[in-house]
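Down below is the structure, laid out as structure tokens.
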Amino acid sequence: MSRRHAAARPVRPGAETAGDAWATGSPPFPETLARHGLPDLRREAVTTLQVNVGRRCDLACHHCHVEAGPKRTERMDARTADRVLELLARTPGATALDLTGGAPELHEPFRKLVTGARALQRQVIDRCNLTVLFVPGQEDTAEFLAANGVKVIASLPCYTRENVEQQRGRGVFGRSIEALRWFNRLGYGIPASPLHLDLVYNPLGPTLPPSQAELEERYRTELRELFGIEFHRLLTITNMPIKRFARALAREGRSEEYLSLLVHHFNPQTVPELMCRNLVSVGYDGRLYDCDFNQMLDLSLGGRDRSIWDISDFAGLEGDPIANARHCYGCTAGAGSSCGGALGSA
């Protein structure tokens, strides 16, 4: 693996087309499940509640399936945040609150959700882009996270400046390194520390991620030797061919080959571990979805338009069908992909 490119698998040519809507020539996801003797997807017990607090972000990354950016104004209000905490309290089996965005820290309900969930003794996860720590008004965010024992999952798509800034913008790499050092000083990422710090890798272009275990060791060596940075785990995530990344594929004329890559690398062993089986996604407006990707494509929970005001708890969603489409190949290709990284071996 070169320092310039972490690793990549070759893209196979195919017949699918670009955009959020896949070509009808590629097999529908349920057909592929059936061909491998797998049943349709249904939700098991809900253990994770993933909440999109809002779509404003200080960055506008090329791969972002949320299409987040500095000009986005969508955000969760206090009443919706209170209802999320109410339902979380009614669902003892939902042990984790996973906060995302945009940059979730930029939105007013973020701290209410953190402290409310911690008061309920739930694990809280902050999906942090690192550079948000340097946004005016966020000067105490790292200390707030540490004081509340929040698990940080931080985006760092490579250990080299060139690759990170090609994907995320000029100056991002330096600020990301400084943010990681800041977290380390607070105890995050230090071996045996209860302050958990994971990093997230996603490919620069239309390829599958390399071996998560092998890439983690490369990240650890590079970041430790060059910058003195420690972390707990590396999570590898596949780029989803929706929204901003889909348009980038179309501009480059690479949509067909990438979509074909995902379809031809379908791995049935990943299906039992899909995150949608134990997760419910909540939009900033309180609407419910089977995963964050479905939320961005406006595919409602199980194909039914429901919100947090229509349910009494999250446990009652167990057994419901999970809405799916051809973009689900992105989670089941190769070693698989989820908010927790790879799902198995390729």
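Numbering (the working numbering), first residue to last: 1 to 346. Cβ coordinates follow ideal geometry from the N, Cα and C atoms, glycine included. None of the values given here were measured: they were computed from a predicted structure.
Problem set entry | Distance, residue 151 Cα to residue 182 Cα | Counted from its first residue, the sequence shown places residue 182 at position 182. Counted from its first residue, the sequence shown places residue 151 at position 151. Computed Cα separation, rounded: 15 Å.
For this session: Quick one: grab the DSSP three-state call for residue 154.
Result: Taking the first residue of the sequence shown as position 1, residue 154 is located at position 154. Reduced to three states, the DSSP call for residue 154 is strand.
Exercise. With a CB to CB cut of under 6 Å and the five nearest residues on each side skipped, what residues in its chain are close to residue 219?
Worked result: Sequence index remark: in the sequence shown, residue 219 carries index 219 (1-based). Excluding sequence neighbours, residue 219 sits near 159, 234.
Exercise. Can you name, in chain order, every residue of its own chain whose Cβ lies under 7 Å from the Cβ of residue 266, other than the five neighbours on each side?
Worked result: Taking the sequence shown and counting its residues from 1, the one referred to as residue 266 is at position 266. Here the set comprises 32, 329, 332, 333.
Exercise. Do you know offhand how far residue 115's Cα is from residue 148's?
Worked result: One-based indexing of the sequence shown puts residue 115 at position 115. One-based indexing of the sequence shown puts residue 148 at position 148. Each residue's Cα considered, the two are about 7 Å apart.
Problem set entry | Sheet register partners of residue 48 (DSSP bridge) | What you label residue 48 is simply residue 48 of the sequence shown in a count that begins at 1. According to DSSP, residue 48 bridges with 96, 279.
For this session: Could you tell me which of 323, 223, 342 sits nearest to residue 238, measuring between CA atoms?
Result: In the sequence shown, counting from the first residue as 1, residue 238 sits at position 238. Closest option to residue 238, Cα to Cα, is 342.
Exercise. Nearest to residue 311 by alpha carbon, out of 339, 87, 323?
Worked result: Working through the sequence shown from its first residue, we reach residue 311 at position 311. Ranking 339, 87, 323 by Cα distance to residue 311 puts 87 first.
Problem set entry | Where residue 80 sits in the DSSP three-state scheme | In the sequence shown, counting from the first residue as 1, residue 80 sits at position 80. In the structure shown, residue 80 adopts helical secondary structure according to DSSP, grouped into three states.
Problem set entry | Nearest-angstrom Cα separation, counted from residue 338 out to residue 247 | As a first step, residue 247 must be located in the sequence shown, where it is residue number 247. As a first step, residue 338 must be located in the sequence shown, where it is residue number 338. Approximately 22 Å, taken between the alpha carbons.
Exercise. How is residue 235 classed by DSSP in three states: helix, strand or coil?
Worked result: As a first step, residue 235 is located in the sequence shown; it is residue number 235 there, counting from the start. Strand, per DSSP.
For this session: To the nearest angstrom, report how far apart residue 314 and residue 227 are at their CA atoms.
Result: On the sequence shown, position 314 is the one that residue 314 refers to. On the sequence shown, position 227 is the one that residue 227 refers to. Each residue's alpha carbon lies about 43 Å from the other.
Problem set entry | residue 43 beta carbon less than 9 Å from that of residue 318 | Start at 1 with the first residue of the sequence shown, and residue 318 comes out as number 318. Start at 1 with the first residue of the sequence shown, and residue 43 comes out as number 43. Taking 9 Å as the Cβ cut-off, residue 318 and residue 43 qualify as a contacting pair.
Exercise. When DSSP builds the beta bridges, which residues end up paired with residue 75?
Worked result: Within the sequence shown, the letter at position 75 stands for residue 75. Paired residue(s): 54.
Exercise. Touch check for the region 123 to 137 and the region 75 to 90: three-plus C-beta pairs under 8 Å?
Worked result: no
Exercise. Alpha carbon to alpha carbon, what distance is there between residue 241 and residue 259?
Worked result: The sequence position of residue 259 within the sequence shown is 259, counting from 1. The sequence position of residue 241 within the sequence shown is 241, counting from 1. Residue 259 and residue 241: Cα-Cα distance of roughly 7 Å.
For this session: Could you give the DSSP three-state label for residue 135: helix, strand or coil?
Result: Position 135 of the sequence shown holds residue 135. Residue 135 falls in the coil class under three-state DSSP.
Exercise. Measuring from the CB of residue 86, is there a heavy atom of the ligand GDP at a distance below 8 Å?
Worked result: Of the ligands one can find in the structure shown there are none, so the ligand GDP has no counterpart to examine.
For this session: Give the straight-line distance between the Cα atoms of residue 63 and residue 39, rounded to the nearest whole angstrom.
Result: Indexing the sequence shown from 1 puts residue 63 at position 63. Indexing the sequence shown from 1 puts residue 39 at position 39. Going by the C-alpha atoms only, they are around 31 Å apart.
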